[in-house]
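Each remark here refers to the structure printed beneath this line.
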Amino acid sequence: MEGEEHKAWRVILPRLVVARHDPGRTEKGIAMEFVKVASASDIADGALVPVEAKGVKLLVTKVGGTFYAAQRKCPHLGFNLCRGKLEGRSVVCALHKAKFDLTTGKIERDPKFLFIDMKARNELAVYPAKEEDGAVWVEI
Ligand code: FES
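All residue numbers for the sequence shown refer to UniProt numbering, where the first residue is 1 and numbers rise by one.
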């Protein structure tokens, strides 16, 4: 016989799985739309800039004239990725050096602390970004 505890997980788990891929939309039940997050002149090439859209904390960066947006919290343990660094079109977390592709969100390198190898929990949530009318817009 199934306990009440198990029933609760059957309801919660699918929501968590969906939210991992698109936290801003699914957690708040908001339709995707482009939201202005910054003036384009405020985002220097190679800078990791904190912004917020629909209550979701994001980072925006520009690489070779193209804008990218992603969740600001590292999927490993939640460190602020704006304090990390760019390597090409990837962001490297400053805390345990996990590396995430900003175009796909894929994990390119798992975290490591001294000699201890760890696993990133999830891929990075990434969002379409564009420049229009002198502003940076993120679809969220
Ligand atoms: S918190 Fe980012 S790699 Fe550990």
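Glycine residues also receive a C-beta, built at the ideal position from the N, C-alpha and C atoms.
Per DSSP, residue i forms a beta bridge with which residues?
{"i": "Ile140", "result": "Note: Ile140 sits in no beta bridge, so no partner."}
{"i": "Ala53", "result": "Val56"}
{"i": "Phe113", "result": "Ile116"}
{"i": "Asn80", "result": "Lys73"}
{"i": "Glu132", "result": "Ala135"}
{"i": "Val126", "result": "Ala70"}
Any heavy atom of the ligand FES closer than 6 Å to the beta-carbon of residue i?
{"i": "Leu77", "result": "yes"}
{"i": "Ala47", "result": "no"}
{"i": "Pro111", "result": "yes"}
{"i": "Leu95", "result": "yes"}
{"i": "Cys74", "result": "yes"}
Hey, residue i and residue j are a contact pair by Cβ (cut 8 Å); roughly how many whole angstroms apart?
{"i": "Gly84", "j": "Ala94", "result": "5 Å"}
By the DSSP assignment, the beta strand (DSSP E) with residue i in it spans what residues?
{"i": "Glu87", "result": "Lys85 to Glu87"}
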